[in-house]
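S.K.: Supplied in structure tokens, the structure appears directly below.
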Amino acid sequence: MDDSARRLPGGVGGTGVTGRPDTVLIVVRGPSGAGKSSTAAGLRAAYGRGIAVVGQDVLRRDVLRERDVAGGANITLIDLVARHALDHGFHVVVEGILAADRYGAMLARLAADHCGRSFLYYLDVDFDETLRRHATRPLAGEVSPEQMAGWYRAHDVLPGRLEHLISRHSTLDDTVERILTDTALAPPRRTPRP
């Protein structure tokens with residue numbers, strides 16, 4: 009692979025201690041209600057088998073039942089699961105709020121260590137839009153706007169310009185198609201793998 013394809017932001021190439029040269033790591037971050045889980049599901053639906061989705065909420069909330077705190081066990085678990093999947097030849101989508109101050113160092117190390125290509129995205133959605141989107145979700149009855157306000161961090165991008173920004177105006181389909189195109193995982197509008 010040409011070195012220019014391994015540089016940021018188009019595709020980080022790393023030290024080669026994690027994954028395989030043909031694996032792709034995708035990180036999708038953003039505020040609650042920004043569409044991270046829907047984007048990950050859309051990528052999996054378009055690609056089919058061979059793509060692992062590592063969801064912050066699944067590991068932190070469901071597996072560990074842990075609060076989102078600095079130094080939490082879920083941070084290491086997300087890293088381990090992503091590395092394990094990459095090492096076994098899966099493309100990986102890590103998705104979640106993944107606040108920069110708590111998860112940024114882990115995500116930067118993961119991308120740097122990945123010997124394949126890595127693509128990091130931040131869904132840059134303002135608070136009013138997150139509230140609008142949240143109101144359409146089943147979780148809306150369990151999580152209040154006040155709770156969401158406590159979690160919201162405007163433009164919480166990772167340092168070092170590691171991420172591609174995706175604006176609130178990008179539809180879900182546009183976002184999925186852009187990531188598929190950027191990563192060359194699938195040409196736009198292709199038939200999903202069985």
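Residue numbers (my numbering): 9 to 202.
For glycine and all other residues, C-beta sits at the position ideal for the given N, C-alpha and C.
Being a predicted model, the structure only gives us computed values, none of them experimental.
Measuring CB atoms only, is the stretch 25-39 touching the stretch 123-131, in the sense that at least three cross pairs come out at less than 8 angstroms?
M.R.: With the cut-off at 8 angstroms, the stretch 25-39 and the stretch 123-131 touch.
S.K.: Leu-85 and Leu-67 look like a contact to me (Cβ under 8 angstroms); what is the Cβ gap, rounded to whole Å?
M.R.: Yes, they are in contact, since the Cβ atoms of Leu-85 and Leu-67 sit about 5 angstroms apart, within 8 angstroms.
S.K.: Classify Arg-15 as helix, strand or coil using the three-state DSSP reduction.
M.R.: For Arg-15, the predicted model reports a pLDDT of 37, less than 50, meaning its position is unreliable and no value from the coordinates is stated.
S.K.: Cutting at 6 angstroms between CB atoms, please list the residues of its own chain near Gly-80, excluding the five before and the five after it.
M.R.: Closer than 6 angstroms at the Cβ level, and outside the excluded window around Gly-80, lie Glu-74.
S.K.: Is Val-25 buried or exposed, if buried means 16 or more other CB atoms sit within 10 Å of its CB?
M.R.: So Val-25 counts as exposed.
S.K.: Counting only C-beta atoms, is Ala-48 closer than 8 angstroms to chain D at any point?
M.R.: Given the protein chain composition of this structure (a single chain), no chain D is represented.
S.K.: Given a threshold of 16 other Cβ atoms within 10 Å of its Cβ, counted over all protein chains shown, does Pro-39 qualify as buried or as exposed?
M.R.: Pro-39 should be labelled buried.
S.K.: Flag this pair as yes or no: are the beta carbons of Leu-131 and Ala-60 separated by less than 8 angstroms?
M.R.: No.
S.K.: Which residues in the same chain have their Cβ closer than 7 angstroms to the Cβ of Asp-95, if we skip the five residues on either side of it in sequence?
M.R.: So the qualifying residues of the chain are Thr-26 and Gly-27.
S.K.: Val-89 lies in the alpha helix (DSSP H); which residues open and close that run?
M.R.: Val-89 -> alpha helix (DSSP H) spans 81-95.
S.K.: Roughly how many whole angstroms lie between the Cα atoms of Leu-188 and Thr-47?
M.R.: Taking the straight line joining both Cα atoms gives about 11 angstroms.
S.K.: Can you look up Arg-68 in the DSSP assignment and give me helix, strand or coil?
M.R.: Helix at Arg-68.
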